[in-house]
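Colleague: Got a structure for you, questions after.
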Amino acid sequence: MEKKVCKEHVEIALDIIVDETGEYPLLEELSTSGQVTCEFCDVDATYVVSSKK
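If you want the working numbering, it's the position in the sequence shown, counting the first as 1, plus 1.
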C-alpha cells in the first residue's frame, strides 16, 4: 500500500498507513515531482508514504 501526497497531507497519509497496517510507514521523497498529484488534493505530490516492503 502506498499514498502519493503533498507536504500538507503527509501526516494524514502516515496515519492511514499506520491504522491499516499496524506498522511504522516508510516516507520517501517522490522523484517524479510535478508528474503526480496528491491523493487528497490537486497539488503536485512530494512524498510517497508506504507500508514496509
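Glycine is no exception: its CB is placed at the ideal position from the N, C-alpha and C atoms.
Name the DSSP bridge partner or partners of Tyr48?
Modeller: DSSP output for Tyr48 lists Val6 and Glu30 as bridge partner(s).
Colleague: So, using beta-carbon positions, are Lys53 and Glu24 closer together than 7 Å?
Modeller: For Lys53 and Glu24, yes; Cβs fall inside 7 Å.
Colleague: Is it right to say Cys39 is buried, meaning 16 or more other beta carbons lie within 10 angstroms of its own, or is it exposed?
Modeller: Classification of Cys39: buried, given that the 10 Å Cβ count is 16 or more.
Colleague: Between Cys42 and the rest of its own chain, which residues show a CB-CB distance below 8 Å, the 5 nearest in sequence each way excluded?
Modeller: Answer for Cys42: Cys7, Glu9 and His10, listed in chain order.
Colleague: Mind checking whether Val44 and Leu31 have CB atoms under 7 Å apart?
Modeller: Their beta carbons are not under 7 Å apart, which means Val44 does not touch Leu31 by this criterion.
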